[in-house]
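Enquirer: To start, I am sharing the structure in question, which I have written as structure tokens.
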Amino acid sequence: MQETSAMKENSKVKVRFAPSPTGIPHIGNTRTALFNFLFAKHNGGEFILRIEDTDQKRIVNGAKEAIFEILQWLGIKHDGEVVYQSQRLDLYRKYVQELLDKKIAHEKEGAIWIKVPEEEKFEWEDKVGNKKISFVGKDVDEFVILKSDGYPTYHLANVIDDHLMEITHVIRGEEWISSTPKHIYLYRVFGWDRPHFAHLPVILGPDKTKLSKRHGAKSALDYKAEGYLPEALINFMALLGWNPGGDQEQFSFEEMIKLFKLEDINTANPVFDIKKLDWLNGLWIRTLDEKGKLKEELEEFYAGNKRMERELKGEKSKIMIKASASRMKTLSDFQSLINLKRQRYLTEKEKETALKLLDFLKKKLGDKWENEKLLLAMKDFSKSEGIPFKTIYFLMSGKEQGIGLLELNEIYGKEFFIKNLKG
RNA sequence: GCCGCGUUCGUCUAGUGGCCCAGGACGCCGGGUUCUCAUCCCGGAAAUCAGGGGUUCAACUCCCCUACGCGGUACCA
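Residue 376 in this note's numbering sits at position 156 of the first sequence, with consecutive numbering throughout.
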């Protein structure tokens, strides 16, 4: 009995993201959602969200909400209503009874089990890498489909739901490869067509072991809190394993949808590299700034921060943002960039120079410190006194580095400089 | 142990038999632009394509073996 694998060639693509609410998903799990979404949208199909809450003991409070928040923040919108497996118990039990009646499943110690016949053969063409993967029945362990608490296991609920919901492509982590024969067997005994399978390589930590809490495997929400942009995080996650060929590194969500193909996903496990994320984030910050959209991102990020809310509402906010954009790696850098506090106290020698500079500027500029003249004056001073401009920057701004002096002049005016120069 | 999957610069990757003594990007180093820093621009180092056997006129690309890595081996997903 050789099932005609999958087959719903003509029907509309329908995929699902099926997290279990047993913790806040880290970046790897979220990438699975992304790939499902990209695939669905590329093909004009649907993306379903299904919460697999069948392990009552391991459910974590707030995990479900975190999942929603992550998807919402990233712009990964699901179609239709969210499905909860815990609300479908009767359904699963009905099918279990069917298997019991057919003598395919049996009871043992209060749970319902299935033993795959040894001579059974399993093979499928995995969409990632386009390669055949095969197993033989004797390597498939006997498994539980209904636990003694009355809840189904993943294997059972997953297969039933995917069938009933007419899922065409199962795109999930590669940790599921070894249980795929169990799933295929279930499709077989139920007499159902099975979906296509695509198993994504798992993301590894810097030490090349599976990304985990130990590596500080963060969730998208953590990155959000640190000031990363959804555009950058999505771009970064997609490039971890996916590449459409070519030299492009920056992709908008729309471009990714347009280009996404399962065939272009790598088969090897990528290593998470925060440096590249940082670079992409800076790149996206600059890109959004050019599009005039950085302000709204900052407003969202600093919502609830009274001082920053005030700064962003102020009339100088525009120039502040313009001056900061190229210097930010994350949105949180903005706050320190526009912070007026001096970095350290001046040494005696520096104080002396500062006062000299102040006199010089006052004499040269009078009351009006216009940018062009100010710059010329500072350059003059630098040259005639043999003082590196770096020092002048520090004396004027109170910092070793940061926003340009002319921009500071526009934002805070000469009073700011005078205060700094007076020590 | 057994089963499955994988292996191109430090990292993400391009590459589907000749265009590759291997291209791009991040990071790193050097230089330029510049009011500091950053941005931006230019250049550099960096992979004997895991190792060994085949197949072929020709292999990073196909086959086999080994090593290593990852995944699975729960009444977890």
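All C-beta atoms in this analysis are idealised placements derived from N, C-alpha and C, irrespective of residue type, glycine included. Just so it is clear, the structure is predicted and the values come from calculations on it, not from any experiment.
1) Compute the beta-carbon to beta-carbon distance between Pro421 and Gly461, rounded to the nearest angstrom, for a pair I have assumed lies under 8 Å.
2) Roughly how many angstroms separate the alpha carbons of Leu234 and Phe636, rounded to a whole number?
3) Per DSSP, what kind of secondary structure is Tyr304 in: helix, strand or coil?
4) Going by CA-CA distance only, name the one from Ile279, Lys347, Gly349 and Phe237 that's closest to His298.
5) Indicate the three-state DSSP secondary structure (helix, strand or coil) for Lys341 in the structure shown.
6) What distance in whole Å lies between the Cβ atoms of Lys515 and Ser544, which are believed to be in contact at a cut-off of 8 Å?
7) If I follow the unbroken alpha helix (DSSP H) through Gly502, where does it start and stop?
8) What are the uninterrupted segments assigned as alpha helix (DSSP H) that are 4 or more residues long and contained completely in the region 469-496, given in chain order?
9) Which word fits Ser556, buried or exposed, when buried means at least 16 other C-beta atoms lie within 10 angstroms of its C-beta?
10) Tell me whether Gly447 is buried or exposed, calling it buried when 16 or more other Cβ atoms sit within 10 Å of its Cβ.
11) Should the region 487-495 be called in touch with the region 424-431, which here means at least 3 C-beta pairs below 8 Å?
12) What span of residues does the alpha helix (DSSP H) with Lys284 cover, start to end?
13) Within the continuous beta strand (DSSP E) that includes His416, where are the two ends?
14) Can you find the residues in the same chain that come closer than 6 Å, C-beta to C-beta, to Leu269, ignoring five residues on each side of it along the sequence?
15) Do the region 565-584 and the region 594-604 meet, that is, are 3 or more Cβ pairs less than 8 Å apart?
16) Between the region 253-271 and the region 334-342, are three or more C-beta pairs nearer than 8 Å?
17) Got a sec, what are the start and stop residues for the beta strand (DSSP E) Val360 sits in?
18) Tell me which residues share the same chain as Glu605 and place their Cβ nearer than 6 Å to its Cβ, disregarding the 5 neighbours each side in the sequence.
19) How far does the beta strand (DSSP E) with Arg270 in it extend, from its first residue to its last?
20) Using a Cβ-Cβ cutoff of less than 8 Å, which residues in the same chain neighbour Gly586 once the five nearest sequence positions on both sides are dropped?
21) Using C-beta distances below 6 Å, list every residue in its chain close to Asn263, excluding the 5 sequence neighbours before and after it, in chain order.
22) My guess is that Asp369 and His419 are in contact by the Cβ rule of under 8 Å, so how many angstroms apart are they, rounded?
23) Helix, strand or coil for Pro401? Go by DSSP, reduced to three states.
24) In terms of DSSP beta bridges, what is Phe237 paired with?
25) Beta-carbon within less than 7 Å of Glu394's beta-carbon, same chain only, minus the 5 sequence neighbours each way: which residues are those?
26) Counting only the same chain and skipping the five closest in sequence on each side, list residues whose C-beta sits under 8 Å from that of Gly185.
27) Report the partner residues of Ile279 according to the DSSP bridge assignment.
28) Can the beta-carbon of Leu551 be found closer than 8 Å to that of Leu518?
29) Under a Cβ-count criterion, where at least 16 other Cβ atoms within 10 Å of its own Cβ denotes burial, should Glu510 be classed as buried or exposed?
30) Quick check on Tyr371: buried or exposed, where buried means 16 or more other Cβ atoms within 10 Å of its Cβ?
31) May I ask you to list the residues that DSSP assigns as paired with Asp346?
32) Near Leu309, what residues of its chain come up, given a Cβ to Cβ distance below 8 Å and the 5 sequence neighbours on each side ignored?
33) Let me know the alpha helix (DSSP H) ranges lying completely inside the region 512-579, each 4 residues or longer, listed in chain order.
Expert: Judging by the given coordinates:
1) 6 Å
2) One point to set straight first is that residue 234 is Lys, not Leu, in the sequence displayed. Distance between the alpha carbons of Lys234 and Phe636: 60 Å.
3) strand
4) Phe237
5) strand
6) So it is not a contact: roughly 11 Å between Cβ atoms.
7) Ile494 to Glu510
8) 473-479
9) exposed
10) buried
11) yes
12) Ala283 to Leu294
13) His416 to Leu420
14) Phe237, His298 and Val302
15) yes
16) no
17) Taken as a continuous stretch (DSSP letters only), Val360 belongs to no beta strand (DSSP E), as it is neither H nor E.
18) none
19) Glu266 to Ile271
20) none
21) Val233
22) Not really, about 29 Å apart at Cβ, beyond 8 Å.
23) helix
24) Leu269
25) His419, Leu420, Pro421 and Val422
26) Absent from the structure is residue 185, since the part of the chain shown begins at 221 and ends at 643.
27) According to DSSP, which records beta bridges pairwise, Ile279 is partnered with nothing at all.
28) yes
29) exposed
30) buried
31) Lys351
32) Gly370, Tyr371 and Pro372
33) 514-521, 526-533, 537-545 and 553-557
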